[in-house]
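K.L.:
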Amino acid sequence: MVVIRLARGGAKARPFFNIVVADKRNRRDGRFIERIGFYNPIATASEESIRIAQDRLTYWRGVGAQASATVERLIAQAAKKAA
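Residue numbers (this note's numbering): -19 to 63.
#1: DSSP three-state call for G42: helix, strand or coil?
#2: Between R15 and the rest of its own chain, which residues show a CB-CB distance below 6 Å, the 5 nearest in sequence each way excluded?
#3: What's the gap between the Cα of I13 and the Cα of K60?
#4: May I have the straight-line CA-CA distance separating K4 from W40, to the nearest angstrom?
#5: Could you tell me if E32 is buried or exposed, where buried requires 16 or more neighbouring beta carbons within 10 angstroms of its beta carbon?
#6: Less than 8 Å between the C-beta atoms of G44 and V(-17), yes or no?
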């Protein structure tokens, strides 16, 4: 099964997450198919905190990829910011 989930990056106490499309059997921070965005939980007001490539998200959902609960929440948050 193909999933859309977060892959952690950054340093200790400075998290940064990539939103990736990956096979469910691969590790959280391991091999992935495509990077479609990022989430920076500690972004300042002048920095961008979420970016998601909507066209790629639509494509992957169209071919059956399932988003994790956290990614679903981030997608809704990004859509609210864009509107």
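Glycine included, each C-beta is placed from N, C-alpha and C at the ideal position. Remember, it's a predicted structure, so these values are computed and weren't measured experimentally.
P.N.:
This is what the structure gives:
#1: Residue mapping note: residue 42 aligns to position 62 of the sequence shown, counting from 1. Helix at G42.
#2: Indexing the sequence shown from 1 puts residue 15 at position 35. So the qualifying residues of the chain are N(-2), V0.
#3: As a working note, residue 13 is residue 33 in the sequence shown. As a working note, residue 60 is residue 80 in the sequence shown. Within the model, the alpha-carbon separation for I13 versus K60 is close to 27 Å.
#4: By one-based count along the sequence shown, residue 4 stands at place 24. By one-based count along the sequence shown, residue 40 stands at place 60. Each residue's Cα considered, the two are about 14 Å apart.
#5: As a position in the sequence shown, residue 32 is number 52, starting the count at 1. The sequence given here has Ile at residue 32, not Glu. Residue burial annotation: I32 is buried, with at least 16 other C-beta atoms found within 10 angstroms of its C-beta.
#6: Within the sequence shown, residue 44 is the residue found at index 64, counting from 1. Within the sequence shown, residue -17 is the residue found at index 3, counting from 1. For G44 and V(-17), no; Cβs fall outside 8 Å.
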